[in-house]
Amino acid sequence: MSKYLTRNTTELDVVPLKTAKADKGHVRRFHVMAKPGGAKCNIDCQYCFYLHKEGLLHQPKQPRMSDELLERYIEQYIASQDSNEVTFSWQGGEPTLLGLDFFRKVIVLQKKYAAEGITVNNDLQTNGIILNEEWCEFLAQNNFLVGLSIDGPENIHNKYRVTRSNKPTFHLVMKAVALLRQYDVKFNALVTVNRHNVKYPIEVYRFLVDELKVSYIQFTPVVEPKNFESAAPQFFNDSAVPFLGSPEARPGNVMSIVTDWSVDPDDWGNFLKVTFEEWINNDLGRVMVNLFETAVAQTMGKPSQLCVTSEFCGKAIAVEHTGDIYSCDHFVYPEYKLGNINDQNLPDMALSVRQEGFGMSKRDSLPEYCKRCPHLNLCWGECPKNRIIKTPDGEIGLNYLCSGIKTFFDFAQPILVGLVTVMNTGANKTQLSKGSAKPESF
Ligand code: SF4
Ligand code: SF4
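Sequence positions in the sequence shown follow the working numbering and run 1244 to 1685.
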């Protein structure tokens, strides 16, 4: 499955960790994305950012979290959350390769360690290939939320999401969709926006809403430096960093710093603009799109629901099948390893000074160009892993997607302000909640 998924979008309040520990008003919470089967996958999406961890982290042929480690992880994770609700996220690689018995064990252990009154949720990110009736029955019975990777209608999806022998996967994913529906399993669409599907915003969006009939869509842009398999984010040669708008800062030419399947920044802006307009005109209130929902919330003065558009991040760490803990699932590189749950307690690593520094640097390393940007409070420089270009005045650390993000917010911000004004005054509230039309003031 693709790794560009779900909870790079942690829905926790994104506040500095120090604040999270110190303030009475805040609970101590962090999110963990677990990769109990390592990077192992049953398909071979060209743009996957995780498959190469097999080599980088010297993973065995069949990586698998041991029963002992799984128990330690579940116990520590539940114990470390100051909350009545704990959410486990299972991803990889392709987590279903571990087999149903692994997840049956997960449920048994969660029941063992969750005290009365604690609600345990599970979400599973999958390419859907393995899902059959037995799986769907289990997922429904145990109330799993499935994040299904799908990139659009058949010809668009099959461009990069292929098997190891380069065969299409769309029909297999749609088989899984039918089963998920049959067993009433809740599922969301996880869409990686790449250099190809970005050209078809309406086709992709309408397919998800009208044919897949999902009510939650997560769009994640593919941005991969050519050397991503060996070079950790932010460990690059400053002299090779291209300027905003230069040919090297877009995909498709030999000098480009990104892979050919990375999204073009201006296409990303157009994709967001077109889908946002479609959403606000037709689906507001009935379909949730991760980036648009949080932009509405931020315009209302609420915190971002996504790490990428928050002032700080660092509250969504990753655990590999060995028990190694990393600062983020996009930073699973030796340079960002925090420790191992065999040697240290999970919260000691998740709430460490080092990890706090990681999260704070999202804001503290912003270039002046961002600090002067009218959209700073909606963007916050997006994800630090994508800060791989230079500002027009030569400062490094600008986000590769900047031009597209600016185009999008130039277009969307007045609409968002209008929408929030209408919501605050109560006018057209019923109409908005039905998603039937945009208010006249737009
Ligand atoms: S580095 Fe920060 S913003 Fe980027 S995905 Fe990780 S937690 Fe989110
Ligand atoms: S739109 Fe560009 S300049 Fe503005 S905050 Fe985002 S990355 Fe920085």
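Glycine included, C-beta positions come from ideal geometry on N, C-alpha and C.
Owing to the predicted nature of the structure, the values given are computational and were not obtained by experimental measurement.
Endpoints, the beta strand (DSSP E) within which residue i is located
i, result
"Trp1333", "Glu1328 to Trp1333"
"His1274", "His1274 to Lys1278"
"Asn1620", "Unbroken run through Asn1620 is the alpha helix (DSSP H), Leu1619 to Cys1622; no beta strand (DSSP E)."
"Asp1510", "Where Asp1510 is concerned, there is no enclosing beta strand (DSSP E), although the alpha helix (DSSP H) it sits in stretches over Pro1508 to Asn1525."
"Ile1317", "Where Ile1317 is concerned, there is no enclosing beta strand (DSSP E), although the alpha helix (DSSP H) it sits in stretches over Asp1310 to Ala1322."
"Ala1559", "Ala1559 to Glu1563"
"Gly1298", "Segment Lys1296 to Leu1299 is the alpha helix (DSSP H) holding Gly1298; no beta strand (DSSP E) there."
"Asn1583", "Lys1580 to Asn1583"
"Tyr1612", "Looking at the DSSP string, Tyr1612 is not in any beta strand (DSSP E); the run it does join, the alpha helix (DSSP H), is Glu1611 to Lys1614."
Spatially closest choice to residue i from the options, by CA coordinates
i, options, result
"Pro1279", "Leu1340, Ser1326 and Leu1299", "Leu1340"
"Pro1468", "Ile1460, Asn1480, Gln1461 and Ser1458", "Asn1480"
"Gln1461", "Asp1509, Val1420, Val1596 and Tyr1448", "Tyr1448"
"Tyr1426", "Leu1451, Met1417 and Ala1383", "Ala1383"
"Phe1652", "Glu1328, Leu1515 and Val1457", "Leu1515"
"Arg1615", "Lys1649, Lys1429 and Thr1565", "Lys1649"
"Ile1631", "Ala1282, Asn1285 and Gly1488", "Gly1488"
"Glu1638", "Lys1296, Thr1537, Ser1326 and Glu1611", "Glu1611"
"Glu1520", "Leu1662, Gly1342 and Ser1547", "Leu1662"
"Asp1510", "Pro1306, Gly1669, Thr1362 and Gly1647", "Gly1647"
"Gln1319", "Phe1273, Cys1288 and Leu1423", "Phe1273"
"Leu1299", "Glu1536, Ser1473 and Asn1588", "Ser1473"
"Pro1306", "Cys1622, Met1592 and Thr1565", "Thr1565"
"Thr1537", "Ala1357, Val1665, Glu1397 and Leu1621", "Leu1621"
"Leu1343", "Leu1374, Thr1330 and Val1517", "Leu1374"
Chain-order list of residues whose beta-carbon lies under 6 Å from that of residue i (same chain, five-residue window excluded)
i, result
"Phe1387", "Asn1365 and Leu1367"
"His1573", "Lys1628"
"Tyr1290", "Tyr1403, Asn1437, Val1465 and Trp1504"
"Val1530", "Val1452 and Ser1458"
"Gly1335", "Lys1278 and Gly1280"
"Glu1563", "Lys1278"
Unbroken alpha helix (DSSP H) run spanning residue i, endpoints
i, result
"Ser1646", "Cys1645 to Thr1668"
"Asn1642", "Premise fails: Asn1642 is in no alpha helix (DSSP H) and is neither H nor E."
"Asp1607", "Val1596 to Asp1607"
"Asn1629", "Here Asn1629 belongs to no alpha helix (DSSP H), and DSSP marks it neither H nor E."
"Asp1591", "Leu1589 to Ala1593"
Residues near residue i in its chain [Cβ-Cβ closer than 7 Å; skip 5 each side]
i, result
"Asn1667", "none"
"Asn1385", "Ile1350 and Asn1365"
"Ala1265", "The predicted model places Ala1265 with a pLDDT of 37, which falls under 50 and marks its position as unreliable; any figure quoted below should be read in that light. Cβ within range, chain order: n/a, list empty."
"Phe1471", "Phe1292"
"Phe1478", "Glu1578"
Beta-carbon contacts of residue i that lie in its chain and below 8 Å, excluding the five residues immediately before and after
i, result
"Gly1395", "Val1434, Asn1440, Tyr1443, Glu1446, Val1447, Phe1450 and Leu1451"
"Phe1494", "One point to set straight first is that residue 1494 is Pro, not Phe, in the sequence displayed. Counting only Cβ-Cβ distances below 8 Å, and skipping sequence neighbours, we find Arg1438, Val1501, Thr1502, Asp1503, Trp1504, Ser1505, Val1506 and Asp1507."
"Glu1311", "none"
"Glu1491", "Pro1485, Met1498, Ser1499 and Ile1500"
"Leu1455", "Ile1393, Val1420 and Ala1432"
"Thr1412", "Ile1286, Asn1370, Ile1372, His1400, Asn1401, Arg1404, Val1405 and Thr1406"
"Lys1267", "Because Lys1267 carries a pLDDT of 45, less than 50, the predicted location of this residue cannot be relied on, and no value is offered for it."
"Phe1430", "Leu1388, Val1389, Gly1390, Leu1391, Val1420, Leu1423 and Val1457"
*Are three or more beta carbon pairs between the region 1545–1559 and the region 1600–1608 nearer than 8 Å?*
By the criterion of at least three beta-carbon pairs nearer than 8 Å, the region 1545–1559 is in contact with the region 1600–1608.
*Can you list, in chain order, the stretches of the alpha helix (DSSP H) that have 4 or more residues and sit fully within the region 1406–1477?*
Taking only runs of at least 4 residues, the alpha helix (DSSP H) segments lying wholly in the region 1406–1477 are 1413–1425 and 1444–1449.
*Please specify which runs of the beta strand (DSSP E), each continuous and at least 3 residues long, are wholly inside the region 1350–1397, giving them in chain order.*
Listed in chain order, they are 1362–1369 and 1388–1392.
*Count the CB pairs spanning the region 1656–1667 and the region 1635–1644 that are closer than 8 Å, and state whether there are at least three.*
The region 1656–1667 vs the region 1635–1644: no contact.
*Inter-stretch contact (C-beta, 8 Å, three-pair minimum) for the region 1536–1546 and the region 1558–1572*: Between the region 1536–1546 and the region 1558–1572 there are fewer than three C-beta pairs closer than 8 Å, too few to call the two in contact.
_Across the region 1404–1421 and the region 1369–1384, are there enough close Cβ pairs to call them in contact, namely three or more that are closer than 8 Å?_
Judged by Cβ distances under 8 Å, the region 1404–1421 makes contact with the region 1369–1384, as three or more pairs qualify.
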